[in-house]
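Residue numbers (this note's numbering), protein chains in the order written: chain V, 28 to 122; chain Z, 76 to 207.
Where a beta carbon is used, it is the ideal one built from N, C-alpha and C, also for glycine.
Values in this document were obtained by computation on a predicted structure and should not be read as measured data.
Notes to accompany the following structure.
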């Protein structure tokens with residue numbers, strides 16, 4: 028196994044957690060702003076994808092992997108998102 | 076190291092329990108041992124190898140690894156002491172187990188990022204029916 032140099036300590040996890048918290052607060056905040064429904068959903072889904080990218084890049088170390096690893100990992104995540112939006116998402120949006 | 080199964084625990088105990096010959100002398104890995112019950116083969120020596128052999132050792136001849144065989148440890152006596160090697164701890168496997176647990180944790184985390192958004196934040200298209 029080849030040696031990997033991540034080049035950071037534990038601080039990056041705290042910073043990532045802080046920004047995830049900021050995005051979560053922003054998500055709750057925009058639900059209270061009486062935005063048009065399409066704008067609100069687009070904003071919420073965009074911020075959720077941003078959170079997912081932060082988690083995958085830093086908590087799951089994909090930023091420090093070779094690009095092929097991230098490419099391989101992104102396929103099941105895309106399938107997961109499609110399944111979620113097809114099953115849970117439709118229920119959430121319709122009712 | 077996480078030792079979950081009984082077999083893993085037994086293997087670690089076998090590592091830690093020193094083998095002794097019939098005279099009560101410690102048989103360390105790499106010790107030169109004389110076989111008591113095969114006087115017709117004095118050229119054979121015995122070495123303890125892996126704990127999966129249990130109460131047995133592997134016969135190796137002086138010259139070359141031919142004629143390897145297993146004998147009970149009571150059949151041998153120590154001829155030459157050997158230094159005790161440290162118990163090997165597989166730190167790579169340990170770290171990989173922790174890493175895999177973390178990856179699974181964050182995969183569930185990813186799922187909940189979207190479940191939280193869709194189920195709790197997106198407002199309903201029509202107001203919920205008022206129970207009557």
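Closer than 8 Å by C-beta to residue i: which residues in its own chain qualify, once you throw out the five before and the five after it? Chain order, please.
i: residue 176 of chain Z; result: none
i: residue 71 of chain V; result: 54, 57, 58
i: residue 105 of chain V; result: none
i: residue 181 of chain Z; result: none
i: residue 113 of chain V; result: none
What first and last residue would you give for the alpha helix (DSSP H) that runs through residue i?
i: residue 36 of chain V; result: Here residue 36 of chain V belongs to no alpha helix (DSSP H), and DSSP marks it neither H nor E.
i: residue 169 of chain Z; result: 166-191
i: residue 113 of chain V; result: Looking at the DSSP string, residue 113 of chain V is not in any alpha helix (DSSP H), and its letter there is neither H nor E.
Cutting at 7 Å between CB atoms, please list the residues of its own chain near residue i, excluding the five before and the five after it.
i: residue 84 of chain V; result: 90
i: residue 81 of chain V; result: 43, 46, 47
i: residue 139 of chain Z; result: For residue 139 of chain Z, the pLDDT reaches just 37, beneath the cut-off of 50, and the residue's location in the model is therefore unreliable, although a value from the coordinates is still provided. No residues qualify anywhere along the chain.
i: residue 97 of chain V; result: 89
Per DSSP, what kind of secondary structure is residue i in: helix, strand or coil?
i: residue 136 of chain Z; result: Note on residue 136 of chain Z: pLDDT 41, under 50, position unreliable in the model; no value is reported.
i: residue 66 of chain V; result: helix
i: residue 92 of chain V; result: coil
i: residue 80 of chain Z; result: coil
i: residue 103 of chain V; result: helix
i: residue 108 of chain V; result: helix
i: residue 53 of chain V; result: helix
i: residue 74 of chain V; result: helix
i: residue 98 of chain V; result: helix
i: residue 197 of chain Z; result: coil
i: residue 22 of chain V; result: It is not possible to answer for residue 22 of chain V, since the shown part of chain V is limited to 28 through 122.
i: residue 124 of chain Z; result: In this predicted model, residue 124 of chain Z has a pLDDT of only 42, less than 50, meaning its place in the structure is not dependable; the value taken from the coordinates is given anyway. Coil.
i: residue 87 of chain V; result: coil
i: residue 98 of chain Z; result: coil
Counting C-beta neighbours from all protein chains within 10 Å, is the total for residue i 16 or more, i.e. buried, or is it exposed?
i: residue 188 of chain Z; result: buried
i: residue 128 of chain V; result: The structure shown does not extend to residue 128 of chain V, since chain V is modelled only from 28 to 122, so the question has no answer here.
i: residue 194 of chain Z; result: exposed
i: residue 192 of chain Z; result: buried
i: residue 99 of chain Z; result: exposed
i: residue 11 of chain V; result: A query on residue 11 of chain V cannot be resolved here, the shown segment of chain V reaching from 28 to 122 and no further.
i: residue 109 of chain V; result: exposed
i: residue 95 of chain V; result: exposed
i: residue 178 of chain Z; result: exposed
Below 6 Å CB to CB, which residues in the same chain sit around residue i once its five sequence neighbours on both sides are set aside?
i: residue 38 of chain V; result: none
i: residue 198 of chain Z; result: none
Check whether chain A comes within 8 Å of residue i, counting only Cβ atoms and requiring the distance to be less than that.
i: residue 115 of chain V; result: Reference to chain A is not applicable here, since the protein chains of this structure are V and Z.
(request) Answer yes if the segment 34-53 of chain V comes into contact with the segment 72-86 of chain V, meaning at least three C-beta pairs across the two stretches below 8 Å, and no otherwise. (result) At 8 Å Cβ cutoff, the stretches touch.
(message) So, does the segment 55-63 of chain V touch the segment 36-46 of chain V, judging by three or more C-beta pairs under 8 Å?
(response) no
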